[in-house]
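> The structure's right below; bear with me while I get my questions together.
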Amino acid sequence: MNKCCTAISVLLVSGFTSFCYAESDLVVFEFSPISSEQYQALVQNKVAYAQPKLVEIKDSKSAYAMLGKRINVTQEPVENADWIRETLNIYNTKGESLYQLEDFETCGFEAFYPQEQLLSFVCGHESDWLVSTLTGEEIEENPQDRETSPDGRHRISGYYNGQESSAFLQSYDEGQWRTPEVTIRLSPTVELKPEQEPYRQEWLFALMGEKHWLSNDRWIFYSHSYDQYFDMRMVDTQHD
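Residue numbers (mature numbering (1 follows the signal peptide of the UniProt record, and there is no 0)): -22 to -1, 1 to 218.
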């Protein structure tokens, strides 16, 4: 996830609201491996709640029509080849170039998120490719991967760069989505076997499968890296 703050103006009925993907405070989690039976029982008994409504346009023609002259795709025949090179162009409201994506012929339209003004494509090696139509910045976070806590203050999201997937925590604070520094530690109630290697944080947050929030500070998930279910609890948040 990008460390820099990516300001995104979101067009709402009431006007523009600023969101930001930014660094935040340190969050500490304690985790425990759990069995498949424990995981399924927790899922069945969790309190149901609605995820935030995600408005997405899945039809490319409809999405491009909403953007109008602010988007086009140029084509150029490749010399001595039987294919055409495409370039995606995004412009601001003044007609000035914001963004260009070459080799666009390798990409497929995935969705347009009008509330966040994000275009999503699947490009080479099935990689996620998202760009803000307001700033022209590439966003390393896929809205389809979001799982938000009951109070709406935290969410687990993800991104696939074509080689590996990653998951990360985001927290909503003062009108911004922030990406806090996360430290995890094994629950003191868990003892590793002598021959067992310690769990690695980067592997726990890579190849993350199904996930569920059980409360505002607790979530469970399946890790493809370890072929194991885990119970994760937020135990501390350190502020400056």
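Don't be surprised by glycine CBs; every beta carbon is placed ideally from N, CA and C.
Are at least three pairs of beta-carbons, each pair with one atom in the segment 11 to 21 and one in the segment 36 to 44, less than 8 Å apart?
With the cut-off at 8 Å, the segment 11 to 21 and the segment 36 to 44 do not touch.
> Touch check for the segment 173 to 184 and the segment 194 to 206: three-plus C-beta pairs under 8 Å?
They touch, by the three-pair rule.
> Three or more C-beta pairs closer than 8 Å, one from the segment 58 to 71 and one from the segment 81 to 97: is that the case here?
Flag = yes, the segment 58 to 71 and the segment 81 to 97 touch.
> Please look up how many angstroms separate the CB atoms of residue 95 and residue 111, rounded, as I've assumed it's under 8 Å.
Going by Cβ atoms, the distance from residue 95 to residue 111 rounds to 5 Å, so yes, they are a contact pair.
> To the nearest whole angstrom, what separates the beta carbons of residue 106 and residue 137, a pair I think is in contact under 8 Å?
Yes, residue 106 and residue 137 are in contact; Cβ-Cβ is about 5 Å, under 8 Å.
> Rounded to the nearest angstrom, what separates residue 211 and residue 163 at their Cα positions?
If you take the alpha carbons of residue 211 and residue 163, they lie about 10 Å apart.
> Can you give the Cα-Cα distance for residue 169 and residue 8, rounded to whole angstroms?
Each residue's alpha carbon lies about 13 Å from the other.
> Quick one, which of 139, 116, 23, 10 has its alpha-carbon nearest residue 103's?
Considering only alpha carbons, the answer is 139.
> Assuming residue 161 contacts residue 148 (C-beta within less than 8 Å), just tell me the rounded distance between them.
Actually they do not touch by this definition, with Cβ atoms about 16 Å apart.
> If I measure Cβ to Cβ from residue 144 and keep anything under 7 Å in the same chain, skipping five residues before and after, which residues do I get?
Excluding sequence neighbours, residue 144 sits near 136, 137, 183, 184.
> Could you check what DSSP says for residue 183 in three-state terms: helix, strand or coil?
In this structure, residue 183 counts as coil in the three-state DSSP scheme.
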